[in-house]
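**Student:** Numbers 370 to 448, taken from my numbering, label the letters of the sequence shown in order.
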Amino acid sequence: MMAMIYTNHLVNKKIKIVNALKEETEEYKSRNAYAQSKLIKVKMESELGKEVARDSLMTLENHPHKLLIKLDSTDAKAK
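Written out as structure tokens, the structure reads:
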């Protein structure tokens, strides 16, 4: 009889642990879903445009110029 009571006690203890872990798992799933939705929102181009405007960045009207650096023959001999 004592063994049955003790075994029942251990089973109840394990059930409480499992239930607590299930709740913790649900909390982490919820956090993950929230983080993923925020990530998707940030990745959206419209949201990116708003962030850029908020940072006072503007789109270029002209393409950037490419700088070409030519070495003189005197510079090449010095090296």
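For each residue, glycine too, the CB sits at the ideal point set by N, CA and C.
State the DSSP-derived secondary structure class of residue 381, mapped to helix, strand or coil.
**Tutor:** Here residue 381 is taken as the residue at index 12 of the sequence shown, counted from 1. Helix at residue 381.
**Student:** I'd like to check one pair, residue 416 with residue 407: are the Cβ atoms closer than 7 Å?
**Tutor:** Reading the sequence shown from its first residue, position 38 is the one you call residue 407. Reading the sequence shown from its first residue, position 47 is the one you call residue 416. No, Cβ-Cβ distance for residue 407 and residue 416 is not below 7 Å.
**Student:** Look at the alpha carbon of residue 388 and the alpha carbon of residue 397, and state the distance between them as a whole number of angstroms.
**Tutor:** Start at 1 with the first residue of the sequence shown, and residue 388 comes out as number 19. Start at 1 with the first residue of the sequence shown, and residue 397 comes out as number 28. C-alpha separation (whole angstroms): 14 Å.
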